[in-house]
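As structure tokens, the structure follows; a few thoughts come after it.
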Amino acid sequence: MSRSQQNDDDVNSALFDARNEYYIGNFMGSINFVLPEQGTAGAELLSYMYLSYLAIDSGRIIASDIKENNTTPLLALRLVHEAFEQPSRTEELLEKLTDKVASDEDETNIWHIATAIVYCYDGQFENALKILHGSNNLESMALSVQCLLRLQRVDLAKQLVAKMQEISDDATLTQLAQAWVALAQGTEQMQDAFHIYQEFCEKFKPTPALLNGQAVVHLGLERYEEAEAVLRESLTKKHNDYDTLINMMVLSHLTGKSTETITRYWEQLRQFYPKSDFVIDLDKKSAEFDRLCLEYEPSSEQLLAV
Numbered sequence: 001m002s003r004s005q006q007n008d009d010d011v012n013s014a015l016f017d018a019r020n021e022y023y024i025g026n027f028m029g030s031i032n033f034v035l036p037e038q039g040t041a042g043a044e045l046l047s048y049m050y051l052s053y054l055a056i057d058s059g060r061i062i063a064s065d066i067k068e069n070n071t072t073p074l075l076a077l078r079l080v081h082e083a084f085e086q087p088s089r090t091e092e093l094l095e096k097l098t099d100k101v102a103s104d105e106d107e108t109n110i111w112h113i114a115t116a117i118v119y120c121y122d123g124q125f126e127n128a129l130k131i132l133h134g135s136n137n138l139e140s141m142a143l144s145v146q147c148l149l150r151l152q153r154v155d156l157a158k159q160l161v162a163k164m165q166e167i168s169d170d171a172t173l174t175q176l177a178q179a180w181v182a183l184a185q186g187t188e189q190m191q192d193a194f195h196i197y198q199e200f201c202e203k204f205k206p207t208p209a210l211l212n213g214q215a216v217v218h219l220g221l222e223r224y225e226e227a228e229a230v231l232r233e234s235l236t237k238k239h240n241d242y243d244t245l246i247n248m249m250v251l252s253h254l255t256g257k258s259t260e261t262i263t264r265y266w267e268q269l270r271q272f273y274p275k276s277d278f279v280i281d282l283d284k285k286s287a288e289f290d291r292l293c294l295e296y297e298p299s300s301e302q303l304l305a306v
């Protein structure tokens, strides 16, 4: 085997491993597969390292590594980071991203994925679907499945998963997409999702993403002890994991835990994820509840009359 052939094989192996670790939520694992190749790696391999940095809130590394004058598709990930950090610029950044998608060939698919990510971050799932529409790339299709589920279109998500199965039934993303749809369908299909998450935990390693998938199945099937066990394991992987804290709140409520216990998880969410959809939405509901209580609170005159 020639040295160039060996180098190509090493890069392909690193790409497969980095991509797979990113898919199952082992972001540091993905980064560690890319770092040894960083000096010679192409944009596609490097993209999984930078996407992983975004996932663990280390986007400042992207701003440091990828300059504004970067001529590779990695520039798209800098724009994603800027959108996360400066929501007021989202419209401006989306214009740059969509212009690039429309004008250039995107052989690595990085521009399309980046643009769809920003649309999703801004809650524009229909526009994300337009960017991803028609692609036979499994990443684009998997992201489309997530968008359809957010839009409550489980029927269309099922159809798209069937197309993914035709392309590669055994692919990690195809299996995960099957699990997402199974969870969305409810109790009758949930056990199918559990088997997928369990298989990946055994095949690779448990990650908060995989463990939370199992926990949702347990919660849906009222297996609360099992749910608590996997959620506590998830907290050992990442003590402030967003999904785990939310699911621990749900579990605590369902099992009648004390208000103090639920509040503790809530305060952690507010501390670590103050700008998240869940926190913002719950704060709005809480404020609305307080307003209604004040509106219907008996006046002092009414109390005296009683």
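Counted the way my numbering counts, the sequence shown spans residues 1 to 306. Glycine is no exception: its CB is placed at the ideal position from the N, C-alpha and C atoms.
Annotation: the segment 18-64 contains no complete segment of the beta strand (DSSP E) (minimum length 3 residues). Assignment of D104 by DSSP, reduced to helix, strand and coil, places it in the coil class.
With distances taken between CA atoms, F278 lies nearest to Y242 out of S258, Y242, R291.
Annotation for A171: L138 place their beta carbon closer than 7 Å to its own, counting only its chain and skipping 5 residues before and after.
In summary, A287 is exposed, with fewer than 16 beta-carbon neighbours lying within 10 Å of its beta-carbon over all protein chains present. Burial state of G213 is buried, judged by a 10 Å Cβ sphere holding 16 or more other Cβ atoms. By the neighbour-count criterion, in which a residue is buried when 16 or more other Cβ atoms sit within 10 angstroms of its Cβ, C293 is exposed. In the three-state reduction of the DSSP assignment, E222 falls in the coil class.
L54 and G220 have their C-alpha atoms some 30 Å from each other.
In the three-state reduction of the DSSP assignment, A179 falls in the helix class. Closest in C-alpha terms to R60, from the list L251, E82, S252, V154, comes E82. Under the three-state reduction of DSSP, G213 is assigned to helix. Inclusion of A128 and V145 in the CB contact set at 8 Å is not warranted, their separation being larger than that value.
Here DSSP, grouped into helix, strand and coil, assigns E260 to helix. A209 and G25 do touch by the CB rule: their CB atoms are close to 3 Å apart, below 8 Å. DSSP, reduced to helix, strand and coil, places P73 outside both helices and strands of the structure shown, so it counts as coil. Annotation for A142: the continuous alpha helix (DSSP H) segment containing it runs 138-150. Within the same chain, and ignoring the five residues on either side of T187 in sequence, the residues whose Cβ sits closer than 8 Å to its Cβ are G220, L221. Judged by beta-carbon spacing, L160 lies beyond the 8 Å limit of M190, meaning their Cβ atoms are not closer than that value. Here N247 is buried: its Cβ has 16 or more other Cβ atoms, across all protein chains shown, within 10 Å.
Taken through DSSP and simplified to helix, strand or coil, F204 comes out as coil.
Taking the C-beta atoms as reference points, F27 is found no nearer than 8 Å to D17.
Judged by DSSP in its simplified three-state form, R153 adopts coil rather than helix or strand. The alpha carbon of A179 has as its nearest neighbour, out of V154, I167, E105, the alpha carbon of V154.
Listed in chain order, the non-local C-beta contacts of Y119 below 6 Å within the same chain comprise N127, A128, local neighbours out to five positions each way being set aside.
For T115, the enclosing alpha helix (DSSP H) begins and ends at 110-121. Counted as a single uninterrupted DSSP element, the stretch harbouring I66 is not any alpha helix (DSSP H), since DSSP gives it neither H nor E.
Taking a contact as a CB-CB distance under 8 Å, the pair Y224 and L254 counts as one, their CB atoms being some 6 Å apart.
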